[in-house]
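Enquirer: Numbering (our numbering), first residue to last: 157 to 702. Here it is, the structure, as structure tokens.
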Ligand code: F6R
């Protein structure tokens with residue numbers, strides 16, 4: 157069996173350079189190590205090792221692991237690893253090789269995912285910090301849990317618990333063979349994934365709605381009134397785009413299901429005083445299911461007695477293993493760093509949940525059947541919008557020259573604007589700031605001038621008139637206005653320089669077409685600016701460090 161290790165580094169400590177690239181070595185070049193995660197007390201350990209005459213070649217936190225394990229190695233390499241890990245603070249998925257064991261890869265993980273995929277006969281064993289790398293393969297997969305360590309040697313996998321007792325782990329069969337890396341003739345994964353949305357939304361909702369459109373089902377778990385009655389409120393946790401989906405859900409759960417709801421940013425939540433944990437239904441949302449900033453608060457809440465329902469795109473993920481219940485988006489793998497189809501599937505599923513909760517609470521007197529009917533129209537509305545991509549492209553080319561944008565909206569359209577602004581920032585490197593339109597007069601209006609276009613998300617009947625006034629306030633001060641409005645609201649043409657009309661859908665589903673407009677607008681501006689659309693600088697698809 158031939159062995160090899162490698163790592164695509166996402167820089168945390170030290171710039172992206174050859175010196176900081178993995179693998180890292182100890183001073184005697186006896187071992188080579190790759191690490192995903194963050195060693196929080198690396199400074200202290202590094203000083204200790206420098207005093208022991210160890211020579212460091214990089215600025216990374218990871219390099220201390222190589223020196224430390226080599227320093228602790230007397231006779232037993234596993235014991236050396238264990239005693240090193242005992243003093244490490246932080247998160248890690250580690251793989252290393254040592255010259256004394258030329259056929260062995262040694263591993264450990266804590267708060268950082270590590271999957272071991274292997275063929276039936278174990279002739280091939282692949283270790284990865286992201287099971288996405290198994291795409292195209294049909295493998296058995298073991299997931300290392302916190303504090304587990306082990307090694308691979310001669311077609312065998314050996315795993316130990318934290319007391320160094322050998323353990324037998326149950327492998328899962330993960331069939332990624334039929335998942336294709338193909339872009340299907342699209343120039344970028346992002347564009348392909350945008351175009352998949354009529355289908356992916358259907359995958360998320362169909363099969364969860366009864367034939368007469370009156371009931372919702374979640375095949376993964378029975379969510380009935382007894383389940384719902386256990387909770388007084390809902391707390392959502394997520395990051396980035398998934399956080400925007402959870403913000404939308406906080407409006408939907410309060411408006412439709414009449415349940416008190418709050419959305420939390422994962423990386424902030426750990427430092428907030430969270431009240432009434434046991435009476436809250438915690439809903440964690442993550443496309444990848446591997447985001448450390450979402451998983452760590454989930455773990456803490458679980459320790460304090462929380463019930464966690466997660467909404468994930470990828471099965472076999474760390475978040476699904478940490479949660480009591482998981483619902484899956486079924487949107488298929490998302491390869492573009494910039495999330496698109498996962499977002500629209502998240503909001504479809506969350507809208508369905510909001511409707512389902514309303515139905516459970518109101519028994520036979522539910523008044524949300526019209527919401528289901530309108531949700532079912534969404535895939536077709538998006539199909540129609542995608543046929544108008546050329547119109548959006550023309551608008552994007554016109555606006556691509558600006559360096560700063562305000563994205564405005566109110567109510568559900570405010571969150572839609574926040575998500576659309578993130579798309580633009582992420583892939584075109586243009587500064588786009590989203591505000592609830594009413595906030596403009598409380599400060600942001602000071603920046604408004606002819607060089608700062610406003611992208612006004614107007615497709616919300618509840619707030620259209622107020623939004624109209626707020627847009628006039630910016631127009632009066634010279635901002636070019638691009639409005640996204642419902643077809644019936646033609647009066648917007650009086651004040652907007654450009655208008656993109658979407659179908660006259662109800663407010664709860666207008667978020668879909670408006671979001672897809674935002675995705676294509678960002679895509680074509682980025683294309684005009686010639687940026688790396690699928691892999692924007694400084695970003696990674698799944699962020700497994702805090
Ligand atoms: C933006 C984007 C990110 C992710 C965020 C959370 O386009 O993709 O903001 O939404 O990193 O990732 P997940 O959903 O995998 O937890």
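Cβ atoms here follow ideal geometry from the backbone N, Cα and C, with glycine treated the same way.
(1) Within the present structure, is the beta-carbon of residue 584 separated from the nearest heavy atom of ligand 1 by less than 6 angstroms?
(2) In angstroms, rounded to a whole number, what distance separates the CA positions of residue 716 and residue 302?
(3) Report, in whole angstroms, the separation of the C-beta atoms of residue 359 and residue 486, which I expect to be a contact under 8 angstroms.
(4) Go to residue 469, then tell me how far its beta strand (DSSP E) extends in each direction, as first and last residue.
(5) Within a Cβ cutoff of 7 angstroms, which residues of the same chain sit near residue 750, ignoring the five residues on either side of it in sequence?
(6) Would you kindly report the start and end of the unbroken beta strand (DSSP E) that includes residue 609?
(7) For the segment 434–448 and the segment 694–701, state whether three or more C-beta atom pairs, one from each stretch, are separated by less than 8 angstroms.
(8) Going by beta-carbon coordinates alone, are residue 353 and residue 549 separated by less than 7 angstroms?
(9) Would residue 259 pass as a contact of residue 311 if the rule is Cβ separation under 7 angstroms?
(10) Is DSSP giving residue 576 helix, strand or coil here?
(11) Out of curiosity, what's the CA-to-CA distance linking residue 235 and residue 493?
(12) Less than 7 angstroms separating the beta-carbons of residue 196 and residue 246?
(13) Looking only at C-alpha atoms, which of 630, 615, 616 sits nearest to residue 602?
(14) Shortest alpha-carbon distance to residue 420 belongs to which of 429, 412, 413?
(15) Helix, strand or coil, according to DSSP, for residue 594 in the structure here?
(16) Closer than 8 angstroms is the cut-off here; do at least three beta carbon pairs connect the segment 399–412 with the segment 570–581?
(17) Can you tell me whether DSSP reads residue 179 as helix, strand or coil?
(18) Among all the DSSP beta bridges, which residues are the ones paired with residue 169?
(19) Nearest-angstrom Cα distance between residue 617 and residue 343?
(20) Can you grab the Cα-Cα spacing for the pair residue 384 / residue 164, in whole Å?
(21) Measure the Cβ-Cβ separation of residue 304 and residue 313 and say whether it is below 7 angstroms.
(22) Just to confirm the assignment, what range does the alpha helix (DSSP H) spanning residue 394 have?
(23) Quick check on DSSP: helix, strand or coil for residue 258?
(24) Can you tell me which of 457, 504, 300, 530 puts its alpha carbon nearest to the alpha carbon of residue 324?
(25) Inspect the CB distances between the segment 575–586 and the segment 530–548 and report whether three or more fall short of 8 angstroms.
(26) Could you please give me the residues that DSSP links to residue 306 through a beta bridge?
(27) Report all residues from its chain with a CB closer than 7 angstroms to the CB of residue 512; omit the five preceding and five following residues, and keep chain order.
(28) Round the Cβ separation of residue 397 and residue 499 to the nearest angstrom and send it over; I've been treating them as touching at under 8 angstroms.
(29) With DSSP as the reference, please indicate the residues paired to residue 418 in a beta bridge.
(30) Return the chain-ordered list of same chain residues with a C-beta closer than 6 angstroms to the C-beta of residue 281, the five sequence neighbours on each side being excluded.
(31) In this structure, how does DSSP classify residue 670 when only helix, strand and coil are distinguished?
(32) In this structure, how does DSSP classify residue 198 when only helix, strand and coil are distinguished?
(33) Closer than 8 angstroms is the cut-off here; do at least three beta carbon pairs connect the segment 384–394 with the segment 476–486?
(34) Would residue 504 be called buried (16 or more neighbouring beta carbons within 10 Å of its own) or exposed?
(35) Under three-state DSSP, which class holds residue 274?
(36) DSSP beta-bridge partners for residue 442?
Expert: Per the coordinate set shown:
(1) Working through the chain shown from its first residue, we reach residue 584 at position 428. False, no ligand heavy atom lies under 6 angstroms from that Cβ.
(2) The structure shown does not extend to residue 716, since the chain is modelled only from 157 through 702, so no value can be given for it.
(3) Locating residue 359 in the chain shown gives position 203, counting from the first residue. Locating residue 486 in the chain shown gives position 330, counting from the first residue. With a Cβ gap of about 4 angstroms, residue 359 and residue 486 count as contacting.
(4) Residue numbering aside, residue 469 sits at position 313 when the chain shown is read from its first letter. Run containing residue 469: none; DSSP gives neither H nor E here.
(5) The structure shown does not extend to residue 750, since the chain spans only 157 to 702, so no value can be given for it.
(6) Here residue 609 corresponds to residue number 453 of the chain shown, with the count starting at 1. Note, residue 609: premise wrong, no beta strand (DSSP E); not H, not E.
(7) yes
(8) Taking the first residue of the chain shown as position 1, residue 353 is located at position 197. Taking the first residue of the chain shown as position 1, residue 549 is located at position 393. No, Cβ-Cβ distance for residue 353 and residue 549 is not below 7 angstroms.
(9) The sequence position of residue 259 within the chain shown is 103, counting from 1. The sequence position of residue 311 within the chain shown is 155, counting from 1. No, Cβ-Cβ distance for residue 259 and residue 311 is not below 7 angstroms.
(10) By one-based count along the chain shown, residue 576 stands at place 420. Note: residue 576 maps to helix in three-state DSSP.
(11) As a position in the chain shown, residue 235 is number 79, starting the count at 1. As a position in the chain shown, residue 493 is number 337, starting the count at 1. Distance between the alpha carbons of residue 235 and residue 493: 39 angstroms.
(12) Locating residue 196 in the chain shown gives position 40, where the first residue counts as 1. Locating residue 246 in the chain shown gives position 90, where the first residue counts as 1. Yes, they are a contact pair.
(13) Counting from one through the chain shown, the residue named residue 602 turns up at place 446. Selected option, being the one with the closest Cα: 630.
(14) Counting from 1 along the chain shown, the entry for residue 420 is found at position 264. Ranking 429, 412, 413 by Cα distance to residue 420 puts 429 first.
(15) Here residue 594 refers to the residue found at position 438 of the chain shown. Here residue 594 sits in helix by DSSP.
(16) yes
(17) Position 23 of the chain shown, counted from the first residue, corresponds to residue 179. Note: residue 179 maps to coil in three-state DSSP.
(18) Numbered from 1 along the chain shown, position 13 holds the residue referred to as residue 169. Looking at the DSSP assignment, residue 169 forms no beta bridge with any residue, so it has no partner.
(19) Reading the chain shown from its first residue, position 461 is the one you call residue 617. Reading the chain shown from its first residue, position 187 is the one you call residue 343. Each residue's alpha carbon lies about 36 angstroms from the other.
(20) Position 228 of the chain shown holds residue 384. Position 8 of the chain shown holds residue 164. Each residue's Cα considered, the two are about 43 angstroms apart.
(21) Position 148 of the chain shown, counted from the start, is the residue given in the question as residue 304. Position 157 of the chain shown, counted from the start, is the residue given in the question as residue 313. No.
(22) Numbered from its first residue, the chain shown carries residue 394 at position 238. Premise fails: residue 394 lies in the beta strand (DSSP E), 389–394, not in any alpha helix (DSSP H).
(23) Taking the chain shown and counting its residues from 1, the one referred to as residue 258 is at position 102. Strand.
(24) Looking up residue 324 in the chain shown gives position 168. The shortest C-alpha separation from residue 324 is found at 300.
(25) no
(26) Counting from 1 along the chain shown, the entry for residue 306 is found at position 150. Residue 306 is bridged to 263, 315.
(27) In the chain shown, counting from the first residue as 1, residue 512 sits at position 356. Excluding positions up to five away in sequence, the list reads 372, 379.
(28) One-based indexing of the chain shown puts residue 397 at position 241. One-based indexing of the chain shown puts residue 499 at position 343. Confirmed, Cβ separation roughly 5 angstroms.
(29) Sequence index remark: in the chain shown, residue 418 carries index 262 (1-based). DSSP, once it has assigned bridges, lists 391 as partnering residue 418.
(30) Translated into the one-based positions of the chain shown, residue 281 becomes position 125. Cβ within range, chain order: 274, 308.
(31) Taking the chain shown and counting its residues from 1, one reaches residue 670 at position 514. Residue state, collapsed to three classes: helix.
(32) In the chain shown, counting from the first residue as 1, residue 198 sits at position 42. In the structure shown, residue 198 sits in a helix (DSSP, three-state: H, G or I).
(33) no
(34) Locating residue 504 in the chain shown gives position 348, where the first residue counts as 1. It is buried - the Cβ of residue 504 has at least 16 other Cβ atoms within 10 Å.
(35) One-based indexing of the chain shown puts residue 274 at position 118. Reduced to three states, the DSSP call for residue 274 is strand.
(36) Within the chain shown, residue 442 is the residue found at index 286, counting from 1. 468.
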